[in-house]
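Q: Protein chains in written order, with this note's numbering: chain A, 8 to 209; chain B, 8 to 209.
A virtual CB, placed ideally from N, CA and C, is assigned to each residue, including glycine.
To start, I am sharing the structure in question, which I have written as structure tokens.
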């Protein structure tokens with residue numbers, strides 16, 4: 008089984024890369040599907056789950072307590088459920104691409120090919136603009152980037168000693184700023200295939 | 008003109024990748040050539056120049072002073088000469104691969120494709136062992152890794168606000184631990200060609 012995990016800065020195009028890679032490789036694709044499953048299992052509203060995992064302030068937990076996952080708290084409890092759902096996906100034993108959801112850390116022992124996707128602030132703002140209401144101000148976009156990435160960093164920190172976005176946690180880190188995402192996805196597909204082919208020769 | 012710069016952790020295989028990439032692409036290749044040129048221009052011994060740039064303790068300069076490059080100090084003076092030599096190479100206007108020498112920062116305005124190469128500690132030790140006297144102890148190798156990388160980090164800090172090895176300073180960061188370097192170089196060649204072809208279409 009081959010797994011690709013994609014961690015990404017908000018607005019860097021990571022989700023599109025994940026979808027395209029899955030299509031190009033014929034792999035299963037998971038992104039929002041995980042939110043849906045968490046919501047179903049916990050009998051919660053999908054939007055609420057997404058809101059808690061992506062948008063809420065994650066800065067209230069003392070690290071030593073939260074790592075143990077024993078706190079009776081809706082956010083920690085949702086992280087626990089997320090872990091279960093991601094592990095369940097891996098246990099299907101099918102090639103897949105998983106975007107976000109700390110799957111890089113959760114599935115570490117399955118040797119996924121771990122990608123971190125980032126971009127310059129300007130490039131991210133340009134990309135986010137195209138999917139926003141045209142009245143959204145630049146300031147609002149910047150705030151959203153900060154808030155979402157802060158939470159991604161924070162939830163990652165609850166699971167791993169390697170900081171979110173530190174190369175040491177990934178096989179490959181890519182700045183998407185000067186790329187066309189379609190073109191990048193094609194290039195990445197070939198690159199990752201070389202990696203796996205080389206490993207099989209070992 | 009196309010420039011590829013390769014920054015690398017000691018023992019990660021960056022130099023070999025650079026040489027292979029240059030061969031595969033038919034690009035000029037610069038590595039030790041820069042040391043030789045600095046030595047010639049300053050009428051110094053090559054080994055002395057290499058020793059100062061790679062091995063000396065770079066921790067004695069207050070950052071604010073050293074950034075100005077006005078200190079009358081052999082190390083800073085050598086960095087100034089290094090900058091001149093790297094700029095001279097770029098001014099030849101020929102496609103090239105440059106390994107190390109802070110060329111990523113020095114040539115920023117020429118839009119090089121900037122690669123950072125790293126690896127797990129174990130993988131680096133394995134690689135370094137193959138080129139060391141077999142009596143070299145593990146402890147000595149670990150010390151050498153620490154010393155050389157500390158100096159690379161420090162000389163980079165004298166030239167750039169972005170820390171050495173931080174993805175934001177590079178187009179691509181690659182963990183070489185599970186790769187065969189020959190295979191990786193081939194994969195990289197194709198990846199970078201896609202990048203440039205995509206840019207030309209813009």
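Between residue 195 of chain A and residue 24 of chain A, which are expected to be in contact by the criterion C-beta below 8 Å, what is the C-beta distance as a whole number of angstroms?
A: Under the criterion of beta carbons closer than 8 Å, residue 195 of chain A and residue 24 of chain A qualify as touching, at roughly 7 Å.
Q: Following the continuous beta strand (DSSP E) through residue 177 of chain A, name the residue where it begins and the one where it ends.
A: It is not in any beta strand (DSSP E) - residue 177 of chain A carries neither H nor E in the DSSP assignment.
Q: Measure the alpha-carbon distance for residue 153 of chain B versus residue 39 of chain B and round it to whole angstroms.
A: 21 Å
Q: Between which residues of its own chain and residue 104 of chain B is the CB-CB distance below 6 Å, once the five residues before and five after are set aside?
A: 11, 25, 28, 29, 34 and 36
Q: With residue 43 of chain A as the anchor, note down where its alpha helix (DSSP H) starts and where it stops.
A: According to the DSSP assignment, residue 43 of chain A belongs to the alpha helix (DSSP H) that extends over 39-49.
Q: Sort B:96, B:81 and B:101 by Cα distance to residue 32 of chain B and report the nearest one.
A: B:101
Q: Chain A beta carbons: is any one of them nearer than 9 Å to that of residue 182 of chain B?
A: Closer than 9 Å to some Cβ of chain A, the Cβ of residue 182 of chain B qualifies, so yes.
Q: If the cut is a Cβ gap below 9 Å, which residues of chain B does residue 123 of chain A touch?
A: 174 and 180
Q: Flag this pair as touching only if the segment 125-144 of chain A and the segment 87-98 of chain A have three or more C-beta atom pairs under 8 Å; answer yes or no.
A: In short, these stretches do not touch, since the Cβ pair count stays below three.
Q: Could you name the residues of chain B that residue 206 of chain A contacts, counting a contact when the two beta carbons are closer than 8 Å?
A: 185
Q: Measuring only between beta-carbons, confirm whether residue 31 of chain B sits less than 9 Å from chain A.
A: no
Q: When you compare the CB of residue 36 of chain B with every CB in chain A, is at least one pair closer than 9 Å?
A: no
Q: When the Cα of residue 178 of chain B is compared with those of B:44, B:81, B:202 and B:184, which residue comes out closest?
A: B:202
Q: Return the Cβ separation of residue 109 of chain B and residue 183 of chain B in integer angstroms, given the expectation that the two are a contact with Cβ distance under 8 Å.
A: Rounded, the Cβ-Cβ distance is 21 Å, inconsistent with contact.
Q: Can a CB atom of chain B be found closer than 9 Å to the CB of residue 197 of chain A?
A: Contact with chain B is found for residue 197 of chain A, since one of that chain's Cβ atoms lies less than 9 Å from the residue's Cβ.
Q: Check this for me: beta carbons of residue 123 of chain B and residue 181 of chain B, under 9 Å apart or not?
A: The answer is yes: Cβ separation under 9 Å.
Q: Within the 9 Å Cβ cut-off, does residue 202 of chain B reach chain A?
A: yes
Q: On the DSSP bridge list, what partners appear for residue 202 of chain A?
A: Per DSSP, none; premise fails for residue 202 of chain A.
Q: State buried or exposed for residue 98 of chain B, treating a residue as buried only when at least 16 other CB atoms are found within 10 Å of its CB.
A: With fewer than 16 Cβ atoms within 10 Å of its Cβ, residue 98 of chain B is classed as exposed.
Q: Pick helix, strand or coil for residue 138 of chain A, following the three-state DSSP scheme.
A: coil
Q: Using the Cβ count rule (16 or more neighbours within 10 Å means buried), how would you classify residue 138 of chain A?
A: It counts as exposed.
Q: DSSP state of residue 181 of chain B, grouped into three classes?
A: Three-state result, residue 181 of chain B: strand.
Q: From B:17, B:59 and B:84, pick the residue whose C-alpha is nearest to that of residue 150 of chain B; which is it?
A: B:17
Q: Along the beta strand (DSSP E) that carries residue 14 of chain A, what are the first and last residues, could you check?
A: Element bounds for residue 14 of chain A: 10-15.
Q: Going by DSSP, which residues form a beta bridge with residue 125 of chain B?
A: Looking at the DSSP assignment, residue 125 of chain B forms a beta bridge with B:182.
Q: DSSP puts residue 105 of chain A in a beta bridge; with which residues?
A: A:12 and A:37
Q: Would you mind reading off the limits of the alpha helix (DSSP H) that contains residue 25 of chain A?
A: 21-32
Q: By a C-beta neighbour count over all protein chains shown, 10 Å radius and 16 as the cutoff for buried, is residue 158 of chain A buried or exposed?
A: That one is buried.
Q: Whole angstroms are fine: how far does the CA of residue 165 of chain A sit from the CA of residue 73 of chain A?
A: Its pLDDT being 49, under 50, residue 73 of chain A is placed unreliably in this model, and the coordinates cannot settle the point.
Q: If you drop the 5 nearest sequence neighbours on each side, which residues of the same chain put their C-beta closer than 8 Å to that of residue 126 of chain B?
A: 16, 18, 19, 20, 134, 182, 183 and 184
Q: Using a Cβ cut-off of 9 Å, pull out every chain B residue sitting near residue 194 of chain A, in sequence order please.
A: Within chain B, the residues near residue 194 of chain A are 197, 198, 199, 200, 201, 202 and 205.
Q: Under the rule that 16 or more other beta-carbon atoms within 10 Å means buried, what is residue 209 of chain A, buried or exposed?
A: With a pLDDT of 44 at residue 209 of chain A, under the threshold of 50, the predicted position of this residue should be treated as unreliable, and no value is reported.
Q: Is residue 174 of chain A closer than 9 Å to residue 172 of chain B when the C-beta atoms are compared?
A: Taking 9 Å as the cut-off, the Cβ atoms of residue 172 of chain B and residue 174 of chain A count as close.
Q: Taking CB distances under 9 Å as the criterion, tell me whether residue 114 of chain A reaches chain B.
A: By this cut-off, residue 114 of chain A is not an interface position.
Q: Roughly how many whole angstroms lie between the Cα atoms of residue 111 of chain B and residue 54 of chain A?
A: 44 Å
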